[in-house]
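Per the numbering used here, residue 49 is the first one in the sequence shown, and the count goes up by one each step. Heads up, the thing below is written out as C-alpha cells.
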Amino acid sequence: MQKVAVFGNTGGGKSTLSKRLSDITGLPLHILDKIQYRSGGAEVPKEDFKRAHQEILQTDRWVIDGFGCIETLWLRLDEADTLVFIDLPLYVHFWWVTKRLMSGYFKPPAGWPENTPILKSSLTSYRVLWLCDKYLNPKYREYIDRARSTKNVYHITSTEQISQFFESIENEFNFENGAAASQAD
C-alpha cells in the first residue's frame with residue numbers, strides 16, 4: 049500500500065477517511081478539492097490542475113482523496129496500487145451532505161478550500177449525488193471488479209465497513225512496524 053486512491057460519491061466521508069488513512073500509514077495526503085479549487089471556491093485552470101495531479105502521480109507514495117476531473121480520474125485509478133471505493137447507500141450520502149451543510153456554517157468541511165461558499169457548494173453536491181449514483185458508480189463497480197486481480201481493493205458499502213477498514217489497516221501497519229522493529233534487533 050503505497051499509492052492509494054480514495055473515491056466515491058460526494059458526501060461519503062472520503063476526506064475524513066483519507067486523513068485518517070494518511071495518519072495511520074504515514075503516506076502523504078493530497079486532497080484534490082484543495083488543488084482544483086482556490087480559496088473562495090473558484091476553479092483553477094484545468095491544465096494547471098492536470099499538471100499538479102500528474103506531479104503527484106509521479107511520486108512513489110500518496111493517498112489521493114476525491115474526484116478531480118474525469119480526465120484525471122482513470123489515470124489515478126490505474127496508477128494506484130490500492131483502491132478505496134466508498135459506495136454507501138444514496139440516502140447516507142444525502143444525509144451526510146445535509147449534515148455537512150448544517151455544520152459548515154460553523155466549521156469548514158474537511159477537505160474543502162478556505163472560504164468555499166457552503167450553500168452553493170452543497171447545492172452542487174446534491175445535484176452530483178444523483179448523477180454520480182446513476183452514471184459513475186456503475187463504472188466504478190466494473191473497474192474495481194476488474195482491478196481485484198492486480199490491486200488491493202476495498203469496496204466499502206456500509207458505515208460499519210468503514211470501522212472494519214480502519215481496524216484492518218491498523219492491524220496491518222502495526223504488524224508491519226512490529227516486524228520491521230524485530231528485524232532491526
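Where is the CB? At the ideal position from N, CA and C, for every residue including glycine.
* Cα separation between N57 and F154? -> Note on geometry: alpha-carbon atoms of N57 and F154 lie some 24 Å from one another.
* How big is the Cα-Cα spacing for Y188 and F133? -> Taking the straight line from one Cα to the other gives about 8 Å.
* Candidates W110, E220, F221, K199: closest to D126 by CA position -> Nearest C-alpha to D126: K199.
* Give the secondary structure of D135 by DSSP, where H, G and I count as helix, E and B as strand, and everything else as coil. => Coil at D135, not helix or strand.
* Candidates G60, S151, E218, of which the one nearest S173 by Cα -> For S173, the nearest C-alpha among the options comes from G60.
* Would you decide whether Q212 is buried or exposed? Buried here means 16 or more other CB atoms lie within 10 Å of its CB. => Classification for Q212: exposed.
* Reference E185; option with closest CA among T205, S197, D81 -> It should be pointed out that residue 185 corresponds to Asn in this sequence rather than to Glu. It is T205 whose Cα lies nearest to the Cα of N185.
* To do: Just list the beta strand (DSSP E) runs in the region 53-101, keeping only unbroken ones of 3 residues or longer that don't cross its boundaries, in chain order.
  => Within the region 53-101, the complete beta strand (DSSP E) segments of 3 residues or longer fall at 77-79, listed in chain order.
* **Ordered list of beta strand (DSSP E) runs contained in the region 147-213, each at least 3 residues** => Runs found: 200-204.
* Asked: Are the CB atoms of G114 and K51 nearer to each other than 8 Å?
  -> Between G114 and K51, the CB-CB gap reaches or exceeds 8 Å.
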